[in-house]
């Protein structure tokens, strides 16, 4: 304990004695309060609790309601530090009740802040965000800028836990800005800390040193150690953790000392020095027990288990993980920690060849994570993030079933982990009962994945270099096959490499002729504009008339099940990188479409025939983007002349008036999109996400010199906020099938339209040529007008281009993929 803290405690003790001598109960209580806070600052939480309880007793005796509230707050903070989050919440709720009665708005804000922090530790991130937003509102109302900054900080931390890093960064940057404005150097340091880059951690360290904040200096060293740990620089991580340890020892921060030992143990484990790692984790464990830090104790058990796991001592690993699980479950109530503990136990049992035990714990891990998902209600982004951080548990569940040669159960487990957030949303959208806990059946129970299917369906699941395939047809039992793929390079996803190699062969996504519909901007430098053509604009590649480029992909996906494909239509439920494969191009004889999951396909098929609109079209083509300019006032995006002709052609076929040019605004599209059976958009699309550029909304001139993206970019959030009833959405834009490939599937514009209620979506996987797409769509709508299904029209349109002289190269006809149901549209027979 530093001399400064010792001196403070000594002075407070003298104040306490003086208050007792003067028989001043009020002053005696305040002395107990201050002593409680002092011992809290050096991690002596039990002593802190003793003093806060004495303060509470006196406050009750003298009728000091404000003091009673402060005592409850101090007790809540101390119990949170001990990892007893439920007890902490009880005290903070008592504090909240008192400050509301007293009309103490600032105190109310502090109570909300403390409740948010406790719920954050329990893994209830939605509740944490709700309380932080209440805290933020009060800080705004009372003009407490520093409090506003702290609320932003808390929100940033909660969003990091949910995996929404962009939102987290925005909140931490707001905190940083406020801290700078009000001259809060410590707050500025904390903001740098939360922004979590080495540069910011070094700024935090510098500020902590400048203001003499030894505890902050230690935290900065700890965070720098973690940053270097993540970069794989384990020696630098050890160096900073040792500095952190020294400061914790100097200031008497026992809990901080324990965290430093924990960090050192993790670094030495990464270096393969497992014995040294165990020594440090045991020191952390001893300290956590001494100070009563149950959460820290659980983390120490978890880290010890991991080290023993690496030593091959699986029994010891299991023993420690069970202790970690008990603390997470019984003592702390941390559902996220509980799910992680079950997963770690599953891994330990798996490594010790106890497959049934492993299966039981992976199942428990999945059930726990599904319970958390159920609490997120309709928060789609949060559910996607939760599924991503939980992916190992879900994957291990179905993989162990395969190891046990229970392939039907494996299919059921894999299916129940697919597109969870999208399925939750669609159950609400289509009016079906929602079932948030999907992996709760015992091993003995019959699986409920529908086996019999009128259309042959193949379900894919990737496991390292192995592709697992289940074929579902008219028989009640699924046929299970596997295919192996050799890894070309270390640390490489082999199926992604296979797909990339195929697309590279055909130069997919590269502009060869005239304009394409990519949202990629031209150069801001007028002296060096980006080219709009490549070659002379009429390059023919007759060698690409065959499908040699797709042969490796065909061999690994279709080859193993080729003997079963006695049909003319196939539905694929893809996985991982294969979600971006050009499925419709894989076979000239098979009509192939994809679905995110079997459950989503069944849900759409079971929906009422009246759910989707039967008539009405929205045709959008070549939106005017002339006003979206670069620094020299030059338009950034090219006009798409064939896109305009395309929608005018479709309008003639369907007797619909297209929106083009300046009329095709984002506002007008969103206004009309909910009431039509067919949506067709021919415009520029963004490479990474498929987001679409429309004409800027009216009134943008009053806000900015040039339109901002929110004025003209149609994004996923815009679409998901709508109530679509369209039977078919055609996104005749570059990259409209793209998005982030996650455990949820491809999170992009196609998913957004399905989420909003579209029955089927036709998209492109790469940059599409303007003129070729015009010809493709002409053929597609001719067949749709003739009453054919979307998959049949797609097959015929691809054949039309494949047989043409100008557009036979696969890059022109292969990118189109149909996702969802195979719909027909009722057209006016007079057209």
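Residue numbers (this note's numbering): 334 to 1164.
Think of the CB as a built atom: it goes at the ideal place given N, C-alpha and C, for glycine as much as any other residue.
Suppose the cutoff is 7 Å on Cβ atoms and the five residues either side in sequence are ignored; what does the same chain contact list for residue 370 look like?
407
So the candidates are 396, 395, 447 and 442; which of them puts its Cα closest to the Cα of residue 410?
447
Under a Cβ-count criterion, where at least 16 other Cβ atoms within 10 Å of its own Cβ denotes burial, should residue 583 be classed as buried or exposed?
exposed
Compute the Euclidean distance between the alpha carbons of residue 870 and residue 791, then round it to the nearest angstrom.
At residue 870, the pLDDT of 27 sits below 50, so the modelled position is not reliable; the number obtained from the coordinates is stated separately. Cα to Cα, residue 870 sits roughly 40 Å from residue 791.
Residue 1158 - DSSP class collapsed to helix/strand/coil
coil
Would a C-beta distance cut-off of 9 Å place residue 1155 and residue 1097 closer than the cut-off?
no
Can you find the residues in the same chain that come closer than 7 Å, C-beta to C-beta, to residue 367, ignoring five residues on each side of it along the sequence?
345
Counting Cβ pairs closer than 8 Å, one from the segment 1098-1106 and one from the segment 1135-1149, do we hit at least three?
yes
Same chain, Cβ closer than 8 Å to residue 692, five either side skipped, listed in chain order
679, 730, 733, 734, 737 and 776
Taking the Cβ atom as the reference point for each residue, do residue 893 and residue 819 lie within a distance shorter than 9 Å?
no
Is it true that the CB of residue 803 sits closer than 9 Å to the CB of residue 886?
no
Within 9 Å, strictly: CB atoms of residue 1061 and residue 983:
no
What does DSSP give as the partner residues of residue 904 in its beta bridges?
790 and 926
Collapsed DSSP secondary structure at residue 997 in the structure displayed:
coil
So residue 522 and residue 549 are in contact, right, with Cβ under 8 Å, and what is the actual spacing, rounded?
6 Å
Can you tell me whether residue 1131 is buried or exposed? The criterion is at least 16 other CB atoms within 10 Å of its CB, across all chains shown.
buried
Spatial neighbours of residue 1040 within its chain, please: CB distance less than 7 Å, with the 5 preceding and 5 following residues excluded, ordered by chain position.
960, 961, 1029 and 1033
From what residue to what residue does the beta strand (DSSP E) around residue 1149 run?
1149-1153
State the DSSP-derived secondary structure class of residue 348, mapped to helix, strand or coil.
helix
What does a CB cutoff of less than 7 Å around residue 1111 pick up in its chain, not counting 5 residues either side in sequence?
982
Length-filtered (4 minimum) alpha helix (DSSP H) runs lying within the segment 573-652
587-603, 607-624 and 627-643
First and last residue of the alpha helix (DSSP H) that includes residue 1038?
Here residue 1038 belongs to no alpha helix (DSSP H), and DSSP marks it neither H nor E.
Between which two residues does the alpha helix (DSSP H) holding residue 955 run?
No alpha helix (DSSP H) holds residue 955; the beta strand (DSSP E) holding it covers 950-956.
Contacting residues, own chain, Cβ-Cβ under 7 Å from residue 993 (five flanking each side not counted)
954, 955, 977 and 980
Could you name the residues of the same chain whose beta carbon sits closer than 6 Å to that of residue 277, not counting the 5 residues immediately before and after it, in chain order?
There is simply no residue 277 to check, as the chain begins at 334 and stops at 1164 in what is shown.
Supposed contact pair residue 665 and residue 627 - C-beta distance, whole angstroms, cut 8 Å
6 Å
Which same chain residues end up closer than 7 Å to residue 360 when comparing Cβ atoms and leaving out the 5 residues on each side of it in sequence?
352
Just to confirm, is the Cβ distance from residue 930 to residue 1078 under 9 Å?
yes
For residue 654, which of helix, strand or coil comes out of DSSP?
helix
Start and end of the beta strand (DSSP E) containing residue 1064?
1061-1064
Cutoff 6 Å; reference residue 494; Cβ partners in own chain excluding five residues on either side:
458
What is the rounded straight-line gap between the Cα of residue 462 and the Cα of residue 436?
23 Å
Closer than 6 Å by C-beta to residue 342: which residues in its own chain qualify, once you throw out the five before and the five after it? Chain order, please.
371
Out of 721, 705, 1083 and 598, which has the shortest C-alpha to C-alpha gap to residue 1069?
1083
Length at least 4, wholly inside the segment 474-536: the alpha helix (DSSP H) runs in chain order
478-494, 498-515 and 518-528
Give the single residue among 788, 913, 902 and 1053 whose Cα lies nearest to the Cα of residue 938.
788
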